[in-house]
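Below: one structure, written as structure tokens.
There are 2 protein chains.
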Amino acid sequence: MMHMKTGVEQAVYAILLLNMLPDKAVLPGEAISQQVSASPTYFQKLLRKLVSADLITSVPGVKGGFKLTKRPEDLCVYDVYLAIEGQNSLYSSSGILGDMLELEKDENCCLLTNLMDEAEDAWKSVMKQETIAVLARKMQERRFHAKTENLKRWVQEKMVA
Amino acid sequence: MMHMKTGVEQAVYAILLLNMLPDKAVLPGEAISQQVSASPTYFQKLLRKLVSADLITSVPGVKGGFKLTKRPEDLCVYDVYLAIEGQNSLYSSSGILGDMLELEKDENCCLLTNLMDEAEDAWKSVMKQETIAVLARKMQERRFHAKTENLKRWVQEKMVA
DNA sequence: CTAAAGCGGATAATAATTGTCCGCATTAGC
DNA sequence: GCTAATGCGGACAATTATTATCCGCTTTAG
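Which chain is which? The protein sequence lines are A and B, in order. Count along the first sequence from 1, add 31, and you get the number used in my numbering. Count along the second sequence from 1, add 31, and you get the number used in my numbering.
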């Protein structure tokens, strides 16, 4: 079935972890991948995508790692989605109608393209509304507050610099 | 990349073809698959999904084929999407947060599920707005009117009963 | 100089999608 | 009743996408 890659979920939680870092500190990729239950070598490739999209910054060398580039209020779920999934459309026409109507290549036409683009915009616009800052607050609600504090302590232990 | 199956596009155009049939007539699956440039044997499986979802009706035996179950005004793009892709969510949590916070299985929790469900509803709601009747009208606009008439004639030739 | 980390490319393993084949059921026409 | 054309369902195969591993390289703190 059509499905979003689990990489998006992993990347969002990775960013929530990085959001727990004090200024200037970084978290090594291996620690992050461990916490989000991802295979370290593959997850590094996802981290690279986040770096390319300038959501996070990487520091090489011993005591290296990753940290957020922006403030959590300026980072939304859609940014992460875009970084991981790329800007490809959920739908793209195969040109079936062109074949059916025997159109020339230059007058290609699809009855679904506009509609699906609109649908995709609607889908994305919801993801644009939720910031990492808001997610971080939700994680601290009563029910999970204590466990979240444990996680913060874990980040303090694993971070460097 | 995350992508919608081409089967949805093929199914929509298949239904537009069936919409050109006079009452009581049917169109054989092989003719349909030919027109939508699909492999006949695989496309038949898609037709089966449309039958299961009660969007089209099948008639077995020689002079058999398929026809619409409903009027085009009562059939929307979302119905076709649902029939082909199934009711699975675009997103489903992998339970990463549960692991990170060391929650028990019964108190599982995901910060993205509600948001993504909302996004998916937005995406689907756009597809619910467009009916097959409207698509059929769009296909007949000035620019494609003549070619569409050719296609209708082709349907007349291939139909049976 | 060494060790720990990030980087990029090649390649392999796994999973999802798409496609084929076969035997069976149904029905119009003879 | 027999035959041929069609739909049906399941097993299987091919192809493509996703996920994962490996290797050699660069960077930098100590």
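Beta carbons: idealized from backbone N, C-alpha and C, even for Gly.
Label residue i either buried or exposed according to how many other C-beta atoms from any shown protein chain fall within 10 Å of its C-beta, with 16 as the threshold for buried.
| i | result |
| --- | --- |
| B:M51 | buried |
| A:K76 | exposed |
| A:S64 | buried |
| B:D105 | exposed |
| A:A192 | exposed |
| B:E138 | exposed |
| A:E188 | exposed |
| A:A45 | buried |
| A:M190 | buried |
| B:A177 | exposed |
| B:M35 | buried |
| B:Q66 | buried |
| B:Q118 | exposed |
| B:K136 | exposed |
| A:K98 | buried |
| B:M32 | exposed |
| A:Y73 | exposed |
| B:Q41 | buried |
Please tell me whether residue i and residue j are closer than 7 angstroms, where the distance is taken between their beta carbons.
| i | j | result |
| --- | --- | --- |
| A:T162 | A:Q171 | no |
| B:A114 | B:L78 | no |
| A:G92 | A:V57 | no |
| B:M158 | B:Y109 | yes |
| A:L81 | B:L142 | no |
| A:S89 | B:D130 | no |
| B:T100 | A:S125 | no |
| B:V186 | B:V111 | no |
| B:L146 | A:F175 | no |
| B:A153 | A:A153 | yes |
| B:A164 | B:P71 | no |
Name the DSSP beta bridge partners of residue i, please?
| i | result |
| --- | --- |
| A:G60 | None; A:G60 has no bridge partner. |
| A:C107 | A:T162 |
| B:G96 | B:V90 |
Starting from residue i and walking both ways along the beta strand (DSSP E), at which residues does that stretch end?
| i | result |
| --- | --- |
| B:K183 | Note, B:K183: premise wrong, no beta strand (DSSP E); alpha helix (DSSP H) at R173 to K189. |
List the endpoints of the continuous alpha helix (DSSP H) containing residue i.
| i | result |
| --- | --- |
| A:Y44 | T37 to L49 |
| B:V82 | P71 to S83 |
| A:L132 | I127 to L132 |
Determine which residues of the region 139 to 161 of chain A have a Cβ less than 9 angstroms from any Cβ of chain B, and write them out in chain order.
Here the close residues are C140, C141, L142, L143, L146, M147, E149, A150, E151, D152, A153, W154, K155, S156, V157, M158, Q160 and E161.
For the region 36 to 60 of chain A, enumerate the residues whose C-beta is nearer than 7 angstroms to any C-beta of chain B, in chain order.
K36, T37, E40, Q41, V43 and Y44
Taking a Cβ distance cut-off of 7 angstroms, strictly less, list which residues of the region 100 to 116 of chain B are near chain A, in chain order.
Answer set for the region 100 to 116 of chain B: V108 and E116.
If the cut-off is 8 angstroms on Cβ atoms, which residues from the region 57 to 81 of chain A count as contacting chain B, listed in chain order?
Listed by position along the chain: Q66, V67 and S68.
Taking a cut of 7 angstroms between CB atoms, which residues from the region 167 to 179 of chain A lie near chain B?
K169, M170, F175, K178 and T179
Using Cβ-Cβ distances below 9 angstroms, what residues of the region 121 to 135 of chain A are close to chain B?
The region 121 to 135 of chain A vs chain B, Cβ under 9 angstroms: L121, Y122, S123, S124, S125, G126, I127, L128, D130, M131, L132, E133 and L134.
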